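Here the structure is laid out as structure tokens; the discussion comes afterwards.
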Amino acid sequence: PSLYTPAGHRALIAIRCARSHRPTNMVADPEYLLEVNLLRPGTIVPSPATVACDIKDIYLAASAKVKDHFKV
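Here the sequence shown is numbered in this note's numbering, starting from 44 and rising by one per residue.
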């Protein structure tokens, strides 16, 4: 059974871009698209704009939790 989910894939891409300082347009790289299709044919890869929005959403959610954690 596959553990793949589109949401998990998007989260992994966003984390990879943020952590490794990779540009969001890496998802449009032809070799990356070939790799994804080789590993899981038919997979839809999010656009660079979607990845950028996902990074922002993750940052906003995480920063709110950090703020609450340190609230006196």
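The C-beta atom is built at its ideal place from N, Cα and C for all residues, glycine as well.
Keep in mind the model is a prediction, meaning the values are calculated, not measured.
Sequence-distant residues of its chain with Cβ nearer than 7 Å to N12 (five each side left out): Because the chain spans 44 through 115 in this model, residue 12 falls outside it and cannot be assessed.
How big is the Cα-Cα spacing for E78 and R59? 16 Å
In three-state terms, what does DSSP make of K108? In the structure shown, K108 sits in a helix (DSSP, three-state: H, G or I).
Exposure label - A104; buried when at least 16 CB within 10 Å: exposed
Between H52 and V88, what straight-line distance do the alpha-carbon atoms span, to the nearest angstrom? 8 Å
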